[in-house]
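Chemist: Residue numbers (the UniProt record's numbering): 1 to 139. In this text, a Cβ means the ideal position worked out from N, Cα and C, and glycines have one as well. Before I ask anything, let me first share the structure, which is written out below as structure tokens.
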DNA sequence: GCCAACGTTGGC
DNA sequence: GCCAACGTTGGC
């Protein structure tokens, strides 16, 4: 299993929106960046990811599971763009802020810190378990 | 609200 | 195929 991070502006698509979709989940559509798309094409059903709020919030708020492999993005006819489907798994007990991530030696090399503009990105197993521990997630 | 960083587009 | 111009994202 691999680990990822999905970034979203809460005003566009928030954790609460994702939770409201329940186990049926929802397409992670609207990605128009090749790097982010390529990562989605690498995903398998069962992969886990963090859900991160960008802009004003800037914090990890929960975990998600990939429930469908990459398929054409239904919001465009442009066949270049694929996306996966994800469902909400678990909310963090306390959100982990970007400042805390930057200040943590284990996490300061995260893609989130190094390439802040990438909206879908890989997370290492070490980063995953460390964040789960810090935020009270069951992994 | 500003601006740096980055990605994309299009002219040459 | 290079690079300038432009648009977008997201942290501050």
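1. Given residue 85, which residues of its chain have a CB within under 6 Å of its CB, disregarding the five upstream and five downstream residues?
2. Taking the beta carbon of residue 35 as the centre, do at least 16 other beta carbons fall within 10 Å, making it buried, or is it exposed?
3. Quick check on the burial criterion: 16 or more other C-beta atoms within 10 angstroms. Buried or exposed for residue 9?
4. With 16 as the cutoff for other CB atoms within 10 Å, does residue 136 come out buried or exposed?
5. Around the C-beta of residue 121, are 16 or more other C-beta atoms found within 10 angstroms, so that it is buried, or is it exposed?
6. If we require 3 or more residues per run, which beta strand (DSSP E) segments fall completely within the UniProt domain "EVE" (2 to 133)?
7. Taking the straight line between their C-alpha atoms, what separation do you get for residue 53 and residue 94?
8. Quick check: residue 15 and residue 43, are their CB atoms within less than 8 Å of each other?
9. Is it a yes or a no for the segment 100 to 117 touching the segment 74 to 82, going by three-plus beta-carbon pairs under 8 Å?
10. Taking only the alpha-carbon atoms, compute the straight-line gap between residue 60 and residue 90 and give it to the nearest angstrom.
Modeler: Per the coordinate set shown:
1. For the purposes of this step, residue 85 is identified with residue 85 of the first chain, where counting begins at 1. Within the same chain, residue 85 has close Cβ partners 25, 27, 67 and 68.
2. Position 35 of the first chain holds residue 35. Exposed, since its Cβ has fewer than 16 Cβ neighbours within 10 Å.
3. Residue numbering aside, residue 9 sits at position 9 when the first chain is read from its first letter. Exposed, because fewer than 16 other Cβ atoms sit within 10 Å of the Cβ of residue 9.
4. Here residue 136 refers to the residue found at position 136 of the first chain. Result: exposed.
5. Position 121 of the first chain, counted from the start, is the residue given in the question as residue 121. That one is buried.
6. 3 to 8, 48 to 53, 59 to 72, 82 to 97 and 120 to 123
7. Counting from 1 along the first chain, the entry for residue 53 is found at position 53. Counting from 1 along the first chain, the entry for residue 94 is found at position 94. About 13 Å.
8. Looking up residue 15 in the first chain gives position 15. Looking up residue 43 in the first chain gives position 43. No; because the gap between Cβ atoms is not below 8 Å, this pair is not in contact.
9. no
10. The residue given as residue 60 occupies position 60 in the first chain. The residue given as residue 90 occupies position 90 in the first chain. When rounded, the distance between both Cα atoms is 12 Å.
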